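**Q**
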Amino acid sequence: MNILVVGGGGREHAVCWALRRSARCGGLWCAPGNAGIASVAACLPDVGAEDLDGILSACATHAIDLVVVGPEAPLVAGLVDRLEAAGIAAVGPSAAAAQLEGSKAFMKAVLDRAGVPTARFQAFTDAEAAKAYVMETGAPLVVKADGLAAGKGVLMCETESEALAAVDAMLSEGAFGAAGAAIVIEEWLRGEEASVFALCDGTTAVSLGAAQDHKRVGEGDTGPNTGGMGAYAPAPVVDPAMELRIMTEIVQPTIDAMAAAGTPFKGILFAGLMIDDAGPKVLEFNVRFGDPECQALMVRLDGDLLDLLEAAAHGRLEDGPLPRWRDEAALVVVMAADGYPGAYQKGSVIGGLDAAGAVDGVTVFHAGTKAGPDGAVLAAGGRVLGVTALGASVAEAQARAHAAIDRLDWPEGFCRRDIGWRAIAREGGPR
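Reading the sequence shown from the start, the letters are residues 1 to 431 in UniProt numbering.
(1) Of the choices Gln345, Cys25, Ala182 and Gly54, whose alpha-carbon is the least far from that of Val40?
(2) Determine the contact status of Glu193 and Asp418, defining contact as a CB-CB distance below 9 Å.
(3) Just reading off the beta strand (DSSP E) that Lys370 is part of, what are its end residues?
(4) In three-state DSSP terms, what is Phe285?
(5) Starting from Thr137, trace the beta strand (DSSP E) in both directions and tell me its first and last residue.
(6) So, does the region 388 to 395 touch the region 372 to 379, judging by three or more C-beta pairs under 8 Å?
(7) Please return the same chain residues whose Cβ sits closer than 7 Å to the Cβ of Gly382, not counting the five positions on each side in sequence.
(8) What are the start and end residues of each continuous beta strand (DSSP E) run of 3 or more residues lying completely inside the region 81 to 106, in chain order?
(9) Determine the extent of the alpha helix (DSSP H) in which Trp421 is found, giving its start and end residues.
(10) Tell me the DSSP secondary structure of Gly413 in three-state form.
(11) Flag this pair as touching only if the region 136 to 147 and the region 63 to 70 have three or more C-beta atom pairs under 8 Å; answer yes or no.
(12) Quick check: what's the CA-CA separation for Ala182 versus Asp256?
(13) Go ahead and pull the three-state DSSP assignment for Gly202.
(14) Is the Cβ-Cβ distance between Leu100 and Leu269 less than 9 Å?
(15) Roughly how many angstroms lie between the CA atoms of Asp146 and Gly177, to the nearest whole one?
(16) Based on the DSSP output, what are the partners of Ala266 in its beta bridges?
(17) I need the straight-line Cα distance from Glu160 to Ala330, nearest angstrom please.
(18) I think Pro117 touches Val282, with their Cβ atoms under 8 Å apart; what is that distance to the nearest whole Å?
(19) Identify the residues that DSSP records as bridge partners of Leu155: which are they?
(20) Taking the C-alpha atoms as reference points, what is the distance between Gly180 and Gly153?
(21) Once the 5 residues before and after Ile88 are set aside, which same chain residues still bring their CB inside 7 Å of it?
(22) Can you give me the start and stop residues for the alpha helix (DSSP H) that Arg400 sits inside?
(23) When the Cα atoms are used, what is the spatial distance from Gly209 to Ala23?
(24) Whole beta strand (DSSP E) runs in the region 213 to 251 with 3 or more residues, listed along the chain?
(25) Decide yes or no for the touch test of the region 289 to 307 against the region 221 to 230: beta carbon pairs closer than 8 Å, at least 3 of them.
(26) CA-CA distance, Thr248 and Asp239?
(27) Select from Glu128, Lys108 and Val237 the residue whose C-alpha is nearest the C-alpha of Glu427.
(28) Measuring straight from C-alpha to C-alpha, what distance separates Glu328 and Ala380?
(29) Terminal residues of the continuous alpha helix (DSSP H) containing Cys294?
(30) Is Gln212 near Arg11, with beta carbons less than 9 Å apart?
(31) Answer yes if the region 299 to 314 comes into contact with the region 166 to 173, meaning at least three C-beta pairs across the two stretches below 8 Å, and no otherwise.
(32) How many Å lie between Lys266 and Ile185 at the Cα?
(33) Which residue comes first and which comes last in the beta strand (DSSP E) that contains Leu28?
(34) DSSP on Gly177, reduced to helix/strand/coil?
(35) Select from Leu378, Gly92 and Cys43 the residue whose C-alpha is nearest the C-alpha of Ala73.
(36) Have a look at Ala235 and Ala376 and give me their C-alpha separation to the nearest angstrom.
Right, dumping it as structure tokens:
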């Protein structure tokens with residue numbers, strides 16, 4: 001099969017890497033790709049992930065049989081609708097179904113119809129009404145931009161003054177642009193977070209397991225939220241009994257509600273959950289693989305990714321193969337450019353990539369890189385590398401990832417050294 005992967009980050013590098021291992025993978029292209037993806041797929045640097053016309057043209061040029069859409073923006077913009085209208089199979093939801101991520105108010109309404117547990121909330125477009133709700137409810141609260149904000153539109157507010165400032169920043173000052181023209185204010189749930197992934201074909205959902213992300217930029221889970229500074233899989237908080245509960249109480253009811261509304265969900269459903277003694281509650285839904293969780297999932301996958309994705313695209317999951325997983329744990333540490341998630345410099349040279357990739361069990365996925373002169377690899381984003389390792393335990397995977405990072409020659413980058421601390425504490429190691 002000829003396959004096109006849409007996107008150019010670490011998630012897409014991991015997906016391309018996994019697809020290339022399939023015996024049925026013929027031509028493999030990535031639009032736009034990056035310097036690392038170029039080692040496993042033909043990159044189309046002039047075709048951006050949101051260039052819907054360019055993607056359709058590339059599909060015709062390269063006789064593409066299946067498109068795998070990585071990021072959320074082209075899904076919300078209707079890329080899958082256009083592909084399917086052109087007779088091209090795609091992994092990802094329609095624009096209508098992608099509103100599960102495109103609008104937090106839409107998502108909350110679906111959860112309410114499906115009877116899925118989530119945080120109490122109210123949606124607002126008027127700043128004064130939102131601030132009155134803050135004062136009435138009291139802190140702590142979470143203030144979220146309703147639309148897509150690259151994973152940064154969630155403000156955790158310990159005090160009422162912080163929540164009021166967040167409301168002003170989004171609704172009055174336009175801090176998140178159109179994404180923050182409407183907001184959701186919800187209760188601050190306590191517990192342990194986990195990301196659970198399911199592959200869906202409109203009616204059937206198959207679990208792809210759980211991972212745990214680290215959103216805050218600083219060690220000890222401090223500082224502002226980011227797109228993700230690291231992750232590991234599997235997540236011990238999601239044991240087999242909890243996984244079954246999540247699939248039956250959260251994922252399948254959501255899929256059923258979407259189908260009943262005439263907007264069946266196909267593709268990857270990513271449930272961001274808070275788990276406490278009472279069970280799991282939904283923090284958010286995303287409509288694609290997480291980044292960096294995808295990197296950890298892909299190195300643990302012991303089956304054929306193409307078989308799974310093709311079955312989802314064609315509505316055959318019920319009769320298709322089930323995912324198989326390696327016994328090892330996987331952990332990914334994100335190397336980010338100094339200053340991220342604020343202003344950062346691009347163009348610095350990253351050395352030592354081959355030496356880092358030579359560490360046993362390590363794969364270095366590229367997120368924000370581009371090719372430079374004389375074969376150099378340059379930093380081209382905020383999150384730049386995902387140093388991913390397998391190990392017999394999370395602690396061993398972390399040690400291997402750190403050993404690889406220590407071989408890199410990139411003084412302009414930084415990382416968190418505590419990725420996986422919850423799982424390592426469970427294993428009896430240091431936090």
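All C-beta atoms in this analysis are idealised placements derived from N, C-alpha and C, irrespective of residue type, glycine included.
Quick caveat: nothing in here was measured; it's all calculated off a predicted structure.
**A** According to the data block:
(1) For the residues Gln345, Cys25, Ala182 and Gly54, the minimum Cα distance to Val40 belongs to Cys25.
(2) With contacts defined as CB atoms closer than 9 Å, Glu193 and Asp418 fail to qualify as a contacting pair.
(3) Counting along the chain, Lys370 sits inside the beta strand (DSSP E) bounded by residues Thr369 to Ala371.
(4) The DSSP-derived three-state label of Phe285 is strand.
(5) Counting along the chain, Thr137 falls outside any beta strand (DSSP E), though it belongs to the alpha helix (DSSP H) covering Ala127 to Thr137.
(6) Per the Cβ contact rule, the region 388 to 395 is not in contact with the region 372 to 379 (fewer than 3 Cβ pairs under 8 Å).
(7) Contacts found: Ala336, Ala337, Tyr340, Pro341, Tyr344 and Gly368.
(8) Taking only runs of at least 3 residues, the beta strand (DSSP E) segments lying wholly in the region 81 to 106 are 89 to 91.
(9) Trp421: member of the alpha helix (DSSP H) spanning Trp421 to Arg426, first to last residue.
(10) Gly413 falls in the strand class under three-state DSSP.
(11) Contact between the region 136 to 147 and the region 63 to 70 is absent, because fewer than three Cβ pairs lie under 8 Å.
(12) The alpha-carbon separation between Ala182 and Asp256 amounts to approximately 27 Å.
(13) Gly202: coil per DSSP, three-state reduction.
(14) The Cβ atoms of Leu100 and Leu269 sit closer than 9 Å to each other.
(15) Looking at the two C-alpha atoms, the distance is approximately 11 Å.
(16) Going by the sequence as given, residue 266 is Lys instead of Ala. In DSSP, Lys266 forms a bridge with Asp201.
(17) Looking at the two C-alpha atoms, the distance is approximately 39 Å.
(18) With a Cβ gap of about 7 Å, Pro117 and Val282 count as contacting.
(19) Under DSSP, the beta-bridge partners assigned to Leu155 are Val143.
(20) One C-alpha to the other measures close to 8 Å.
(21) The answer, listed in chain order, is Cys59, Ile64 and Val67.
(22) For Arg400, the enclosing alpha helix (DSSP H) stretches over residues Val394 to Arg407.
(23) Taking the straight line joining both Cα atoms gives about 24 Å.
(24) Scanning the region 213 to 251 from its first residue to its last, the whole beta strand (DSSP E) runs of 3-plus residues come out as 216 to 218, 222 to 225 and 230 to 233.
(25) Taking 8 Å as the limit for Cβ pairs, the verdict is that the region 221 to 230 does touch the region 289 to 307.
(26) If you draw a straight line from the Cα of Thr248 to the Cα of Asp239, it is about 14 Å long.
(27) Nearest to Glu427 by C-alpha distance, out of Glu128, Lys108 and Val237, is Val237.
(28) Approximately 32 Å, taken between the alpha carbons.
(29) Where Cys294 is concerned, the enclosing alpha helix (DSSP H) stretches over Glu293 to Arg300.
(30) No; because the gap between Cβ atoms is not below 9 Å, this pair is not in contact.
(31) Contact fails: fewer than three Cβ-Cβ distances are below 8 Å.
(32) About 28 Å.
(33) In this chain, the beta strand (DSSP E) harbouring Leu28 covers Leu28 to Pro32.
(34) DSSP places Gly177 in helix when its eight states are reduced to three.
(35) Ranked by Cα distance from Ala73, the first of Leu378, Gly92 and Cys43 is Gly92.
(36) For Ala235 and Ala376, the gap between their C-alpha atoms comes out near 36 Å.
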